[in-house]
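Asker:
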Amino acid sequence: MAVTNLLYVVGSLILMTFSGLSWAITLPKDKAEATYHYYDGGGVEVTGPALFVRKSVVDSVSVAGAYYVDEISSASIDVESYASPYEEERTEYSLSADYVEEDAKISITYVNSDESDYQSNTFHFDYVEEFFGGLTTASLGYSSGSDDVLSNISDFKDSADHDFYRMGLAQVVLPEMVVRVNYEHISDRGFLGSPYRKSVVNGVLFDENLPRTRRSNAFSVGADYFIETWSTAIKAQYRYFSDTWDIKADDFRLSATKSLQTHWIIEGWVRYYGQSSASFYQDQFASVFTYRSRDKELSDFDSYSLGLGVEYLFQDVSWLKTPSLAFGAEWIRYQYNDFYEYLNGDFNQNNNKQLYEFDATVAYVSFSTNF
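Position in the sequence shown (from 1) plus 128 gives the number in my numbering.
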């Protein structure tokens with residue numbers, strides 16, 4: 129699931145044109161977009177298309193639909209340790225509507241995700257309003273998700289529910305600069321692990337067992353700065369995360385987007401992410417604790433990434449308005465600080481192990497147009 133979520137975010141990074149900083153609330157433009165995404169790293173390969181269409185139905189209402197596919201082939205270190213390589217497909221559908229009235233916008237979205245052993249349904253509600261002549265923008269949001277967790281190798285079945293609260297504030301502090309602050313709270317309940325993953329106790333495999341509740345908080349602060357003489361927008365953001373599983377994480381991101389003449393836009397970004405391990409995570413346990421996991425995503429690890437994206441803007445053709453072709457790639461380095469790789473999956477070979485690390489590549493190509 130972590131790889132899929134990462135790919136969904138990165139694969140949707142279609143570059144935006146900066147012709148000055150303007151945050152007036154308006155109805156999104158009618159748009160169609162087709163994207164192909166690719167991920168390869170840690171023995172996992174994910175590919176697939178994504179389609180998106182948005183259309184105004186009246187002056188103040190716009191509706192949109194999206195279709196997203198992941199073709200997943202996995203021979204990750206988890207699979208090598210506990211199971212056999214596998215292939216599966218995940219499909220996702222979403223429908224949304226935006227309503228704009230003067231200085232406010234309401235957005236409602238439904239998302240359905242389906243794969244052979246995991247189904248989820250999520251509803252999103254967001255409200256955005258401008259104040260003080262558009263200098264201040266406030267936002268509130270809520271999401272509710274319900275998941276069914278299954279297994280392809282047993283009759284296992286369980287469920288999980290998620291509530292996601294968010295609020296944000298953006299303030300124009302200079303004609304060319306905006307500062308943003310955001311807060312998020314997530315409440316998870318139910319089965320929050322994997323029916324396949326194992327923990328290791330003195331070299332012996334046991335099913336992992338995670339708490340059935342989790343509460344998370346995240347706070348972020350960032351700034352967008354536009355340099356008109358260079359036709360360049362610079363964005364910086366820091367995000368701090370903590371939860372009731374004792375995970376704490378720092379996330380830094382810096383990006384620059386530049387217009388080249390009239391047809392080209394280029395964006396580059398760097399990112400660092402680091403987190404501490406969950407209180408019930410261990411690479412190997414000395415005894416059978418109530419809660420235990422060897423999920424590397426709950427361990428102490430760092431990641432570094434470097435990305436580049438390019439967009440070419442075509443001239444209008446017939447009913448196509450500002451059509452564009454975008455493509456980009458991101459390199460990511462993962463370094464785990466207390467998760468080890470064992471030769472041939474033999475967890476008793478403590479003298480023949482090494483800390484796990486790997487490189488991943490994310491790439492996308494996308495064509496979009498207004499109409």
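Here a beta-carbon is modelled for each residue, glycine too, at the ideal position from N, C-alpha and C.
Within a Cβ cutoff of 6 angstroms, which residues of the same chain sit near Y432, ignoring the five residues on either side of it in sequence?
Answerer: Cβ neighbours of Y432 beyond the five flanking positions: Y400 and R461.
Asker: Is the distance from the Cβ of K376 to the Cβ of S370 below 8 angstroms?
Answerer: Yes. Within cutoff.
Asker: For a test of the three-state rule: what should DSSP assign to G425, helix, strand or coil?
Answerer: It is worth fixing the name first, because residue 425 is Glu in this sequence and not Gly. The answer is helix: DSSP assigns E425 an H, G or I state.
Asker: Decide yes or no for the touch test of the stretch 250-264 against the stretch 279-286: beta carbon pairs closer than 8 angstroms, at least 3 of them.
Answerer: With the cut-off at 8 angstroms, the stretch 250-264 and the stretch 279-286 do not touch.
Asker: Could you give the residue range of the alpha helix (DSSP H) that holds Y205?
Answerer: The sequence as given places Ile at residue 205; Tyr does not occur at that position. Segment I205 to Y210, the alpha helix (DSSP H) holding I205.
Asker: Taking only three categories from DSSP, how would you classify V320?
Answerer: Here residue 320 is Leu; the residue named in the question, Val, does not match the sequence. In the structure shown, L320 sits in coil (DSSP, three-state: anything other than H, G, I, E or B).
Asker: Does DSSP put W392 in a helix, in a strand, or in coil?
Answerer: Three-state result, W392: strand.
Asker: CB-CB under 8 angstroms to H391, same chain, minus the five flanking residues each way: which ones, in chain order?
Answerer: Only Y440, L441 and F442 meet the Cβ criterion.
Asker: Alpha carbon to alpha carbon, how far is T450 from L149? Give it in angstroms, no decimals.
Answerer: At L149, the pLDDT of 37 sits below 50, so the modelled position is not reliable; the number obtained from the coordinates is stated separately. Taking the straight line from one Cα to the other gives about 19 angstroms.
Asker: Rank T163, I153 and Y221 by C-alpha distance to the C-alpha of A194 and give the top, closest one.
Answerer: That would be Y221, whose Cα lies nearest to the Cα of A194.
Asker: Among all the DSSP beta bridges, which residues are the ones paired with S494?
Answerer: Answer by DSSP bridge pairing, in chain order: T163 and A454.
Asker: In chain order, what residues of the same chain have a beta carbon less than 8 angstroms from the beta carbon of W151, not counting five sequence neighbours either side?
Answerer: Confidence at W151 is low in this model, with a pLDDT of 46, below 50, so its placement is unreliable and no value can be given for it.
Asker: State the beta-bridge partners of T154 as determined by DSSP.
Answerer: DSSP lists no partner for T154.
Asker: Smallest Cα separation from V438: which of E336, W397, A160 and D276?
Answerer: It is W397 whose Cα lies nearest to the Cα of V438.
Asker: Between which two residues does the beta strand (DSSP E) containing T357 stretch?
Answerer: No beta strand (DSSP E) holds T357; DSSP gives it neither H nor E.
Asker: Exposed or buried, what is V416 when buried is set at 16 or more other beta-carbons lying within 10 Å of its beta-carbon?
Answerer: By the neighbour-count rule (16 or more Cβ atoms within 10 Å), V416 is not buried but exposed.
Asker: Using the C-alpha atoms, what's the distance from E425 back to Y500?
Answerer: Nothing can be reported for residue 500: it is not among the residues displayed for the chain, which extend from 129 to 499.
Asker: Just to check my reading of the structure: I200 and E215 have Cβ atoms closer than 8 angstroms, yes? What is that Cβ distance to the nearest angstrom?
Answerer: The Cβ separation is near 7 angstroms, so the contact holds.
Asker: Have a look at W358 and S248 and give me their C-alpha separation to the nearest angstrom.
Answerer: Each residue's Cα considered, the two are about 45 angstroms apart.
Asker: Using C-beta distances below 6 angstroms, list every residue in its chain close to G331, excluding the 5 sequence neighbours before and after it, in chain order.
Answerer: Correct list, in chain order: F475 and N476.
Asker: Per DSSP, what are the beta-bridge partners of W459 in this structure?
Answerer: The partner list for W459 (beta bridge, DSSP) reads L434 and T489.
Asker: When DSSP builds the beta bridges, which residues end up paired with I362?
Answerer: Paired residues: Y353 and A384.
Asker: Thinking C-beta only, is Y492 closer than 8 angstroms to G456?
Answerer: Contact flag set, yes.
Asker: What does the alpha-carbon distance come out to for the pair S407 and A346?
Answerer: The alpha-carbon atoms of S407 and A346 are separated by roughly 19 angstroms.
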